[in-house]
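Last residue of the sequence shown: 627 in the UniProt record's numbering, with the numbers rising by one and none dropped. Where is the CB? At the ideal position from N, CA and C, for every residue including glycine. Since we're looking at a predicted model, the values are computed, not measured. Notes to accompany the following structure.
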Amino acid sequence: MMDAFELPRTLVQSLQRRAAQTPDQVALRFLAESAEHNVVLSYRDLDLRARTIAAALQASAAQGDRAVLLFPSGPDYVAAFFGCLYAGVIAVPAYPPESTKRHHQERLLSIITDAEPRLLLTIASLAEGLAQIENAPPILSVDTVQGVGEWIAPQLQPDDIAFLQYTSGSTALPKGVQVSHGNLVANEVLIRRGFGIDLNPHDVIVSWLPLYHDMGLIGGLLQPIFSGVPCVLMSPAYFLGRPLRWLEAISEYGGTISGGPDFAYRLCSERVSESALERLDLSRWRVAYSGSEPIRLDTLERFAEKFAACGFSDNNFFASYGLAEATLFVAGGRRGQGIPALRVDDQALAANRAEPGQGSAIMSCGTGQPDHAVLIVDPHTLSELADNHVGELWASGPSIAHGYWRNPEATAKTFVQHAGRTWLRTGDLAFMRDGEVYITGRLKDLLIVRGHNLYPQDIEQTIEREVEVVRKGRVAAFAVNDEGLEGIGIAAEISRSVQKILPPEALIKAIRQAVAEAYQQAPSMVVLLNPGALPKTSSGKVQRSACALRHADGSLDSYAQFPGLPVQTQDAVLESELQNQIAAIWCEHLHVNQVAADDHFFLLGGNSITATQVVARLRESLGLELN
């Protein structure tokens, strides 16, 4: 039993029951830049909005059709998602492009091509811009929808697809994970038990995570509605602009469950002033989950030490491992026991054995979940491995998604049959020890930078497109260590003729700028190679992992690299008081001594997070409304 409720078959049934039995209870509270723009929705409000939008959808779309959601995080996003569920329309969570530039629209265009949606759902203020998108389907602005007809409840089955979660994959080849209504309920049950909400009916969930991302959608939004506990939501920009706001919301509203990727805790440790601590009460925060990117011991230690005075304990940290192909949650920690760290022998680990030692600290991701299973498998022989042996992590159970949308080839590679059941090949390398899962790396070439998955082929194609002198098919993107964090490394072959006419510093600047503008993160390392120096297989495929290894040992045949090469620039003079004010704010957030008028924000070390913080600071200092 869930509280006074029986286990629902779908999230539609869950919300309908909440609306019928506790109609006036607060379901969601949305925090805005100013308190007068905060929005509170009761279960009755949300149910009514979902029915209204569902009726409008049913006038234009059939059950099983797709609708792409393009909203800023907020109440309209939530209402539109539930409107899709209520109509039996398959929701496709996404986000509006940053601009009309091609590289900002590529991902959305690929999703539209793959999902073939009947409609784009958005708000009126964004509709005109979205209508300019190439081959855009009809647009429905949900904030202007009134009573357009009677809603007819669809007959939903557990195996019916509820939504497509497009992974942060290659923009050229997106993969839509098919999450069924049954998958969703099964995973929400796991999260409910894992967080201990079944034992704590007065919980309050606080989330700043994006609603188009599986962690923000399933853990931050749908879980509180499923479990009947109130939720306080804010946009990622609201948090990133001033990380203290997240902790203030937990303090003010008595948040008991909240979390995010490792970088969120790191930001709070770096950005929250000592003077703010005395105003924070974090004593009720009992589950501080960390997931979506590797968990770092030093991040946890620094956060716990800084906020101990506010009532926070490191025992409240909760490891959370998951992925979209498993709906979300696969493994989790033990509540109230923190996240254990295991120091291993690095040489043994390099040989795929986990032995205690004095090397790297690997954080536990907790244990597998009830009615589900995890295995460690040799990715080459597909044989199961014993404890303390590194292999690929596989997962099985009712939360495992129904494959990829209209992509049988990718589905067959990732969702495999073994020992009489379907297993998800996660692509993550891990080992088991005393029943706990420890993630050590990835089989894939994926880069995870600040919680964002970046595919190397996308970065490589961006460089080839924007920097014409780079030899086509002769560039590799790979992960590098950037002061303990994951950064982007680039190796590019340059022909002898180009080497003679272009200075290396100009090439490096062009490569870094191309990547920075497309991905809001400049490469931490760029190495320019002589012809034929890029590692390749016998069939001609770029060996990205070999690039990383050979860069680390210094064996790449290069003629220039960054850092290490002085980049010559002619500084443009700051001409106005306004430019000087902006420059001072850049210096503050980028930790540089000075900037010139023609400096590129991302090339100075900025990224999407610091950009959001700078915009917030400019708003505050200059009294200007900025996008």
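Check                                                                                                                                                                   : Outcome
What residue range does the alpha helix (DSSP H) around Asn183 cover?                                                                                                   : 181-195
Runs of 4 residues minimum, wholly inside the stretch 245-272: which ones carry the alpha helix (DSSP H) assignment?                                                    : 262-271
Could you tell me the distance, in whole angstroms, from the CA atom of Tyr238 to the CA atom of Lys541?                                                                : 43 Å
Enumerate in chain order the residues of its own chain whose CB-to-CB distance from Pro96 is below 6 Å, with the five nearest sequence positions on each side excluded. : Leu70, Leu126
Please report the straight-line C-alpha distance between Gln568 and Pro117, rounded to a whole angstrom.                                                                : Because the pLDDT at Gln568 is just 44, under 50, the model does not fix this residue reliably, and the point stays unresolved.
Could I get the ranges of all uninterrupted beta strand (DSSP E) runs contained in the stretch 17-88, with 3 residues as the minimum, in chain order?                   : 26-30, 39-42, 66-69
Considering only the beta carbon of each residue, do Ser269 and Val206 sit closer than 8 Å?                                                                             : no
Going by the CB atoms, is the gap between Arg544 and Asp445 shorter than 8 Å?                                                                                           : yes
Would His181 be called buried (16 or more neighbouring beta carbons within 10 Å of its own) or exposed?                                                                 : buried
Give the C-beta separation of Asp234 and Leu31 to the nearest angstrom, bearing in mind that I take them to be a contact with Cβ-Cβ under 8 Å.                          : At residue 234 the sequence reads Met, which differs from the Asp that was named. Right, their Cβ atoms sit about 4 Å apart.
Taking the runs of the alpha helix (DSSP H) that are 4 residues or longer, which of them lie wholly in the stretch 447-532?                                             : 456-466, 496-501, 504-519
Taking only runs of the beta strand (DSSP E) that begin and end inside the stretch 265-342, which ones reach a length of at least 3 residues, in chain order?           : 287-290, 317-322, 329-332
Could you work out which residue in Val26, Ala56, Ser34 is closest to Ser42 when comparing CA atoms only?                                                               : Val26
With three or more C-beta pairs closer than 8 Å as the rule, is the stretch 433-442 touching the stretch 212-222?                                                       : no
In the DSSP output, what is Arg433 paired with across the bridge?                                                                                                       : Glu436
Exposed or buried, Gly403, counting other C-beta atoms within 10 Å across all chains shown (16 or more means buried)?                                                   : buried
Taking Phe329 and Ile191 to be in contact with their CB atoms under 8 Å, please state how far apart those CB atoms are, rounded to whole angstroms.                     : 5 Å
Whole angstroms is fine: what's the gap from Ala514's alpha carbon to Ser283's?                                                                                         : 45 Å
Between residue 653 and Ala597, what straight-line distance do the alpha-carbon atoms span, to the nearest angstrom?                                                    : It is not possible to answer for residue 653, since the shown part of the chain is limited to 1 through 627.
Look at the alpha carbon of residue 632 and the alpha carbon of Ala94, and state the distance between them as a whole number of angstroms.                              : Limits of the chain in this structure are 1 at one end and 627 at the other, which puts residue 632 out of reach.
Measure the alpha-carbon distance for Asn315 versus Arg335 and round it to whole angstroms.                                                                             : 8 Å
Where does Ile400 sit, in a helix, a strand or coil, going by DSSP?                                                                                                     : coil
How many angstroms separate the CA atom of Gly333 from the CA atom of Pro138?                                                                                           : 45 Å
At a cut of 8 Å, does the stretch 486-495 reach the stretch 517-534 through at least three beta carbon pairs?                                                           : yes
Starting from the Cα of Ser273, find the closest Cα among Ser99, Phe81, Gln58, Phe303 and give me that residue.                                                         : Phe303
With C-beta atoms as the reference, is Leu164 less than 8 Å away from Ala87?                                                                                            : no
Are the beta-carbon atoms belonging to Ile339 and Ser364 less than 8 Å from one another?                                                                                : yes
Cutting at 8 Å between CB atoms, please list the residues of its own chain near Pro566, excluding the five before and the five after it.                                : Confidence at Pro566 is low in this model, with a pLDDT of 49, below 50, so its placement is unreliable and the value that follows should be read with caution. The residues are Glu505.
What is the DSSP secondary structure of His372, counted as helix, strand or coil?                                                                                       : coil
DSSP three-state label for Gly241, please.                                                                                                                              : helix
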